Amino acid sequence: MAKRTFGYTCSLASLTTILVASVSLPSLAPAQGRGPTDPGVRSGAAGAGDPIPGLTDTERAFFEAAKDVFAETDAVPDGLGPRFNLDSCLGCHSQPASGGSAPSVNPQVAVATLAGARNTVPSFITADGPVREARFVRNPDGSPDGGVHGLFVITGRSDAPGCNIAQPNFAAELARNNVVFRIPTPTFGLGLVESTPDAALEAALAANAQQKRTLGISGRFNHNGNDGTIARFGWKAQNKSLLLFAGEAYNVEIGVTNDIFPSEREGNPACQFNHTHPESPTPLVSEGGASPAAGFQSDIALFAAFMRLLAPPTPASATPAAAAAASPSSTTPSSTPASSTVVASASSVLPAAAGTTATAAASSTSATSATVDRGRQVFANVGCAACHTRTQKSGGANVAALSNVTFEPYSDFAVHDMGDRLADGVSQGEATGREFRTAPLWGAGQRIFFLHDGRTNDLGEAIAQHASRGSEANQVIQNFNALSVNDRQAVLNFLRSL
Amino acid sequence: MRRLLQLGAVASLTAMLASALAAVLAWRYGETILPFAVTSAMPDPQDGRVADGIYANAYFGLTYPLPKGFGEGLAGPDPSHSGYYVLANLVPQAAGGGMVLIAAQDMFFDTPHRDLAEAASEIRDTMAQIEGMSIDREPAEIAIGRRPASRPAWRIDFNGVGLYRAMIMTEMRCHLVSITLTARDPQEREILAQSLDGVSLTARRDSPVCIRDYASGDQLVRRVVPPDIMPSPTPIPARIIIGSDGTVRHVHVIRATNAQRKGIEQALRQWTFRPHMINGRAVEVETGLALRSGGGKVTSTD
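Right under this line is the structure:
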């Protein structure tokens, strides 16, 4: 049986898929010499990674057991590979706490040669870049692919003697413009999302339909093909449940077969070292531990439970970094590399999208709170909140702490046409190659990489990328560009408060 | 809204060159979306174009001379599954001057409204709920378009965080057409509003009559079920024009994959209806229908 570990849920697309270059939106753009600046990753307490408040002692013990399994690392005897992207869930989902998104130091670089492995690190994987999975858009015969192709193989590892399979030829596929990427999605608060009835999501989507009409926005849900209900997890809302989400990631990202995905993706018998089927089954004998119930659960059931019971991220009313950016005199253009300025105190261990000066970091907290509040209002007025819906409400759940909770994911969980610039050409369920789920913005303040493929760590750039030919967001971005620098700055500050 | 639909047969005059197909997405885009079903020379709602400083839409019989210095901005998305169209995004080619969004919602796929006033009121209430948004001008009836073809419209002005907007909405040929003006100050908004004085609407007496749910009633004589090409929990919207002889003259599959579209078009062209009579005369009918995979049922999988 595989050691308890978890796979991340990397999802999405590519630097190479940018089909339409820069978008010119001169219409309402104020004449200016500089623009707003992303305050960078919010400093201070993580405000995430804890269980949702209100769990019983039994539920909390279950959560802690699941959290431990989420952090475990798999080796080949546990089921790792033969093809994989990383060897643990936590490796991908660790920023700013367990369950989060890609960390500042990419663990994929180290795992490439761990235990004697001889993998070449693909060019799109860098030490300070996002954790990524790679998908090929087309098969060699031109038919649609869209599937994940593991970055690494176990060839050369000391625990995989005799296995001699090769990595995909990523350089060649990149040359063909055939590779798109996805990064891990944060999993905080997902139990609330899972507990939200379809009818509640539909009502929330319909509630501001009239506002959407003034903005060129429509949107729709990605439905599960089997039962016709709303799927809501993953970059394209392609996964129906957290259990499915976990099972797919365990198999696709780490290579561990499980109860939902029992088939080995790489058939070479010389590379099969774990002969249980699946490699991570549901145990029939308890593995013990503080939670008796957890001892009888499969890895994927525990991964799902961990995500289900994770609390939503806690927003901040103010941050030092936001304070820095709130002062026009202390900001630098977003194009300025972070290294050219002194990064504000507590953010020093994390890359900032743009520099903020130490002097500016001393700005008053009250001013920062004001700009965050202003930013929230601007965010709603220009139309961002038409899709990044602030509140949703869960329905009844077997865990009381998840029942009938109003929460603030800043997402409608619908998919929208995001235009040529973000299109990845991969269809999943009903979502086409141009459609993506509205990315929940809770926790955005402490995320390092943005958009499905992690193409930027600059919030301002992430916003700009929403506009391109065919995008439902074009009007909103035009509205945003029409704002004063201070108001655009307030939006960035607000987003970094989440 | 049935009443509105009955009223709402505005015209499209000349059969404009049918859609210059969004030669959508080549090699890269796996599942190609072909929103423009071209089954005849009849124009469809999304076929409007800007040429020589004028936005012209043959389906709606609408022309709009752009404000000075304006041109087309980024194209909007394909028509949606709910029958919503971004018809034109008009922006100044230099800084300043505001922007104009022309959109349409197919009323066959919309929540029915009693009348245009109710639809305007609903928009007003939605906007008023946004924190910091204020209503500058309560919904009021105006006229849009030059006489004699001018038609009633409703205007609502609102503003928030320094963006001054006006929404003008009217009903044209089975659709709720909206024009949203956005500016940085009220004066700029008024300049944009004045530009709408140049809107020209062309009425056509023989426009099809818009009737909601016409294809599901007793008037349907022959129904050919589209092939079960791909399971689609989301209904696929289609719009058809039924000739005075009861045959389907035009099919517009609003949003579907290429494979779905072909199958649906072929099937719908074979549908026949009893002629719709008004004052003893058979007339053309335009209606919409939402198709699920399997011709009406969600295909289940084991």
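Protein chains in written order, with the working numbering: chain D, 1 to 498; chain B, 499 to 800.
Ideal Cβ positions, reconstructed from N, Cα and C, are used throughout, including at glycine.
Since this is a predicted model, take the numbers as computed values, not measurements.
D/D74, buried or exposed, once every other Cβ within 10 Å from all chains shown has been counted against 16: As a first step, residue 74 of chain D must be located in the first sequence, where it is residue number 74. D/D74 is buried by the Cβ-count criterion.
Residue range of the beta strand (DSSP E) that includes D/L402: Against the first sequence, residue 402 of chain D aligns to sequence position 402. In this chain, D/L402 is not harboured by any beta strand (DSSP E), its DSSP state being neither H nor E.
For D/V148, three-class secondary structure by DSSP: Reading the first sequence from its first residue, position 148 is the one you call residue 148 of chain D. Reduced to three states, the DSSP call for D/V148 is strand.
Simplified DSSP assignment, three categories, for D/E253: Position 253 of the first sequence, counting from 1, holds the residue named residue 253 of chain D. Reduced to three states, the DSSP call for D/E253 is helix.
Three-way DSSP call (helix, strand, coil) for B/Q768 in this model: As a first step, residue 768 of chain B is located in the second sequence; it is residue number 270 there, counting from the start. DSSP places B/Q768 in the coil class of the three-state scheme, outside both helix and strand.
Classification of D/N224 by the beta-carbon crowding that lies within 10 angstroms, buried from 16 upward: As a first step, residue 224 of chain D is located in the first sequence; it is residue number 224 there, counting from the start. Buried: at least 16 other Cβ atoms inside 10 Å.
Cβ of D/P140 within 8 Å of any chain B Cβ: Looking up residue 140 of chain D in the first sequence gives position 140. Interface residue (Cβ-Cβ distance to chain B less than 8 Å): D/P140 is not classified as such.
Residues near D/A61 in its chain [Cβ-Cβ closer than 8 Å; skip 5 each side]: Position 61 of the first sequence, counted from the start, is the residue given in the question as residue 61 of chain D. Sequence-distant partners of D/A61 (beyond 5 residues in either direction) whose C-beta falls short of 8 Å from its own C-beta, in its chain, are A290, S291, A294.
Within 8 Å, strictly: CB atoms of D/Q392 and D/F407: The sequence position of residue 392 of chain D within the first sequence is 392, counting from 1. The sequence position of residue 407 of chain D within the first sequence is 407, counting from 1. Cβ atoms of D/Q392 and D/F407: closer than 8 Å.
Option nearest D/G216 by Cα separation, candidates D/L495, D/R469, D/R488, D/N486: Translated into positions along the first sequence, residue 216 of chain D becomes position 216. The candidate whose alpha carbon is nearest that of D/G216 is D/R469.
Continuous beta strand (DSSP E) assignments of at least 3 residues falling wholly in the region 645-712 of chain B: Along the region 645-712 of chain B, the beta strand (DSSP E) occurs as fully enclosed runs of 3 or more residues at 649-658, 661-670, 673-681, listed in sequence order.
Interface flag, D/T214 vs chain B, CB-CB below 8 Å: Here the question's residue 214 of chain D lines up with position 214 in the first sequence. So, interface residue.
Cβ contact check for the region 567-578 of chain B and the region 538-555 of chain B: 3 or more pairs under 8 Å: The answer is yes - the region 538-555 of chain B touches the region 567-578 of chain B, with three or more Cβ pairs under 8 Å.
Range covered by the beta strand (DSSP E) that runs through D/V137: Translated into positions along the first sequence, residue 137 of chain D becomes position 137. Element bounds for D/V137: n/a, residue is neither H nor E.
CA-to-CA distance, B/M631 to D/I463, given in whole angstroms: The residue labelled residue 463 of chain D in the question sits at position 463 within the first sequence. The residue labelled residue 631 of chain B in the question sits at position 133 within the second sequence. C-alpha separation (whole angstroms): 22 Å.
B/G569 - partner residues in DSSP beta bridges: If you number the second sequence from 1, residue 569 of chain B lands on position 71. According to DSSP, B/G569 shares a beta bridge with B/V589.
Interface residues of chain D facing B/Q603 [CB-CB closer than 7 Å]: For this step, residue 603 of chain B is matched to residue 105 along the second sequence. Result: R213.
Cβ-based burial, B/V722 [other Cβ within 10 Å; buried from 16]: Here the question's residue 722 of chain B lines up with position 224 in the second sequence. Exposed.
Amino acids of chain D, ordered along the chain, whose beta-carbon sits closer than 8 Å to that of B/M670: The residue you call residue 670 of chain B lines up with position 172 of the second sequence. Think of a sphere of 8 Å around the beta carbon of B/M670: no beta carbon from chain D falls inside it, the nearest being about 15 Å out.
Residues sharing a beta bridge with B/V751, DSSP: Counted from its first residue, the second sequence places residue 751 of chain B at position 253. In the DSSP secondary-structure assignment, B/V751 is bridged to B/A736.
Check whether D/S411 and D/A439 have beta carbons under 8 Å apart: Reading the first sequence from its first residue, position 411 is the one you call residue 411 of chain D. Reading the first sequence from its first residue, position 439 is the one you call residue 439 of chain D. Yes, the Cβ-Cβ distance between D/S411 and D/A439 is below 8 Å.
Where the beta strand (DSSP E) containing B/E554 begins and where it ends: By 1-based counting over the second sequence, the position of residue 554 of chain B is 56. Note on residue identity: the sequence assigns Ala, not Glu, to residue 554 of chain B. Annotation: the continuous beta strand (DSSP E) that includes B/A554 extends over 552-555.
Residues in the region 226-258 of chain D having any Cβ partner in chain B nearer than 7 Å: Cβ contacts with chain B come from N226, G228.
Interfacial residues, the region 618-635 of chain B to chain D, with Cβ spacing under 7 Å: Correct list: E620, I621, T624, M625, I628, E629, G630, M631.
Straight-line Cα distance separating B/L699 from B/G559: Locating residue 559 of chain B in the second sequence gives position 61, counting from the first residue. Locating residue 699 of chain B in the second sequence gives position 201, counting from the first residue. Cα to Cα, B/G559 sits roughly 6 Å from B/L699.
Pick from B/L599, B/K566, B/F606, B/A593 that is closest to B/G546, judged by C-alpha positions: Here the question's residue 546 of chain B lines up with position 48 in the second sequence. The residue with the shortest Cα to Cα distance from B/G546 is B/L599.
Contacts of D/A467 in chain B (Cβ-Cβ under 8 Å): To locate residue 467 of chain D, count along the first sequence from 1; it is residue 467. Contacts between D/A467 and chain B, judged by CB atoms closer than 8 Å, involve L572 in chain order.
Interface flag, D/Q377 vs chain B, CB-CB below 8 Å: Working through the first sequence from its first residue, we reach residue 377 of chain D at position 377. So, interface residue.
DSSP three-state assignment for B/M625, whether helix, strand or coil: Position 127 of the second sequence, counting from 1, holds the residue named residue 625 of chain B. Helix, per DSSP.
Interface residues of the region 755-774 of chain B facing chain D [CB-CB below 7 Å]: Legend: CB atoms of the region 755-774 of chain B lying less than 7 Å from CB atoms of chain D are not found in any residue.
Chain D contact residues for B/N555, given Cβ-Cβ distances below 7 Å: As a first step, residue 555 of chain B must be located in the second sequence, where it is residue number 57. Near B/N555 there are no residues of chain D at all, since even the closest Cβ is about 16 Å away, more than 7 Å.
Reduced DSSP secondary structure (H/G/I, E/B, other) of D/S143: Position 143 of the first sequence, counted from the first residue, corresponds to residue 143 of chain D. The answer is coil: DSSP assigns D/S143 none of H, G, I, E or B.
Cβ-based contacts, 8 Å cut-off: residues of the region 381-398 of chain D near chain B: For the region 381-398 of chain D, the set of positions with a beta-carbon nearer than 8 Å to some beta-carbon of chain B reads N381, V382, A385 in chain order.
Under 8 Å between C-beta atoms of D/L302 and D/G191: Within the first sequence, the letter at position 302 stands for residue 302 of chain D. Within the first sequence, the letter at position 191 stands for residue 191 of chain D. Between D/L302 and D/G191, the CB-CB gap reaches or exceeds 8 Å.
Contacting residues, own chain, Cβ-Cβ under 7 Å from B/Q603 (five flanking each side not counted): In the second sequence, residue 603 of chain B corresponds to position 105, counting from 1. Excluding residues within five positions, the ones whose Cβ falls inside 7 Å are G581, Y582, H673, L674.
Integer Cβ distance of B/E620 from D/Q167, believed to fall under 8 Å: For this step, residue 620 of chain B is matched to residue 122 along the second sequence. For this step, residue 167 of chain D is matched to residue 167 along the first sequence. That pair is no contact at about 56 Å.
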